[in-house]
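One structure below.
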Amino acid sequence: EAQVTQNPRYLITVTGKKLTVTCSQNMNHEYMSWYRQDPGLGLRQIYYSMNVEVTDKGDVPEGYKVSRKEKRNFPLILESPSPNQTSLYFCASSSPDRVQDEQYFGPGTRLTVT
Amino acid sequence: DAKTTQPNSMESNEEEPVHLPCNHSTISGTDYIHWYRQLPSQGPEYVIHGLTSNVNNRMASLAIAEDRKSSTLILHRATLRDAAVYYCILRGYNFNKFYFGSGTKLNVKP
Numbered sequence: 151e152a153q154v155t156q157n158p159r160y161l162i163t164v165t166g167k168k169l170t171v172t173c174s175q176n177m178n179h180e181y182m183s184w185y186r187q188d189p190g191l192g193l194r195q196i197y198y199s200m201n202v203e204v205t206d207k208g209d210v211p212e213g214y215k216v217s218r219k220e221k222r223n224f225p226l227i228l229e230s231p232s233p234n235q236t237s238l239y240f241c242a243s244s245s246p247d248r249v250q251d252e253q254y255f256g257p258g259t260r261l262t263v264t
Numbered sequence: 341d342a343k344t345t346q347p348n349s350m351e352s353n354e355e356e357p358v359h360l361p362c363n364h365s366t367i368s369g370t371d372y373i374h375w376y377r378q379l380p381s382q383g384p385e386y387v388i389h390g391l392t393s394n395v396n397n398r399m400a401s402l403a404i405a406e407d408r409k410s411s412t413l414i415l416h417r418a419t420l421r422d423a424a425v426y427y428c429i430l431r432g433y434n435f436n437k438f439y440f441g442s443g444t445k446l447n448v449k450p
């Protein structure tokens with residue numbers, strides 16, 4: 151089954167404790183992206199990757215890092231989480247084909263930073 | 341980045357057609373118009389996309405104005421399962437950034 155998986159699904163942590171949210175896709179997609187969703191602000195793009203070793207900032211990259219060492223994985227790293235990073239996070243992937251171009255989203259990771 | 345404007349909410353009766361509007365007056369010639377929807381407690385899911393011509397698929401139809409400054413997502417027969425937030429998005433030529441906007445919350449009444 152074609153899917154994007156994220157782990158963990160729920161995470162409660164404390165300020166300053168480094169964490170990683172993993173994202174993996176089994177569709178051989180080149181493009182992967184991370185979003186955060188906050189009430190009243192909708193979905194905002196954090197980082198995206200056009201392919202292995204190619205990453206770039208979205209609209210809200212501050213406080214986040216990403217890496218793309220393998221095509222299937224695109225982890226989101228919070229080196230020193232703060233309470234304003236409490237949010238619902240979604241990973242997505244797609245193949246940059248204008249004809250197909252359907253972005254598949256993971257189930258989301260709800261992060262709480264106290 | 342080109343942005344979109346949508347009504348905050350709309351309401352429809354079950355089994356009636358729904359027309360969800362979107363304005364994108366700053367669209368560029370190479371921007372594709374995408375629609376996604378987000379059901380409660382789920383990630384967004386793709387609905388449809390197009391460039392200039394109207395498009396149909398099993399989920400919906402997309403009507404694009406001749407000047408491309410607006411578009412309309414058409415659900416031909418709304419069901420209770422169609423209650424969701426619908427996002428109109430412009431996807432640039434380089435396929436990099438993806439701006440969702442605030443979307444339209446569709447409520448479907450039985």
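As you go down the protein sequences, you meet chains W and G in turn.
Numbers 151 to 264, taken from the numbering used here, label the letters of the first sequence in order.
Numbers 341 to 450, taken from the numbering used here, label the letters of the second sequence in order.
For every residue, glycine included, the Cβ atom is placed at its ideal position computed from N, Cα and C.
Does residue i come within less than 7 Å of chain W when only Cβ atoms are used?
i, result
"residue 384 of chain G", "yes"
"residue 401 of chain G", "no"
"residue 368 of chain G", "no"
"residue 442 of chain G", "yes"
Can you give me the Cβ contacts of residue i inside the same chain, cut-off strictly under 8 Å, excluding the 5 residues immediately before and after it?
i, result
"residue 251 of chain W", "244 and 245"
"residue 203 of chain W", "218 and 219"
"residue 225 of chain W", "170, 171, 172, 173, 216 and 217"
"residue 206 of chain W", "197, 198, 199 and 200"
In the structure shown, what three-state DSSP assignment does residue i receive?
i, result
"residue 233 of chain W", "helix"
"residue 391 of chain G", "coil"
"residue 188 of chain W", "strand"
"residue 422 of chain G", "helix"
"residue 398 of chain G", "coil"
"residue 368 of chain G", "coil"
"residue 244 of chain W", "strand"
"residue 155 of chain W", "strand"
"residue 439 of chain G", "coil"
"residue 253 of chain W", "coil"
Could you tell me if residue i is buried or exposed, where buried requires 16 or more neighbouring beta carbons within 10 angstroms of its beta carbon?
i, result
"residue 392 of chain G", "exposed"
"residue 360 of chain G", "buried"
"residue 162 of chain W", "exposed"
"residue 190 of chain W", "exposed"
"residue 444 of chain G", "buried"
"residue 239 of chain W", "buried"
"residue 233 of chain W", "exposed"
"residue 253 of chain W", "buried"
"residue 369 of chain G", "exposed"
"residue 450 of chain G", "exposed"
Return no unless some Cβ of chain G is closer than 7 Å to the Cβ of residue i.
i, result
"residue 224 of chain W", "no"
"residue 261 of chain W", "no"
"residue 195 of chain W", "yes"
"residue 252 of chain W", "yes"
"residue 158 of chain W", "no"
"residue 189 of chain W", "no"
"residue 211 of chain W", "no"
"residue 233 of chain W", "no"
What first and last residue would you give for the beta strand (DSSP E) that runs through residue i?
i, result
"residue 346 of chain G", "Note, residue 346 of chain G: premise wrong, no beta strand (DSSP E); not H, not E."
"residue 361 of chain G", "358-363"
"residue 415 of chain G", "410-415"
"residue 192 of chain W", "192-201"
"residue 372 of chain G", "372-378"
"residue 260 of chain W", "259-263"
"residue 448 of chain G", "444-449"
"residue 175 of chain W", "169-175"
"residue 163 of chain W", "160-163"
Please return the same chain residues whose Cβ sits closer than 7 Å to the Cβ of residue i, not counting the five positions on each side in sequence.
i, result
"residue 237 of chain W", "186, 187, 188 and 261"
"residue 397 of chain G", "388"
"residue 420 of chain G", "354, 448 and 450"
Going by beta carbon distance, what residues of the same chain come within less than 6 Å of residue i, once the five residues before and after it are set aside?
i, result
"residue 350 of chain G", "444 and 446"
"residue 230 of chain W", "166"
"residue 374 of chain G", "389, 429 and 431"
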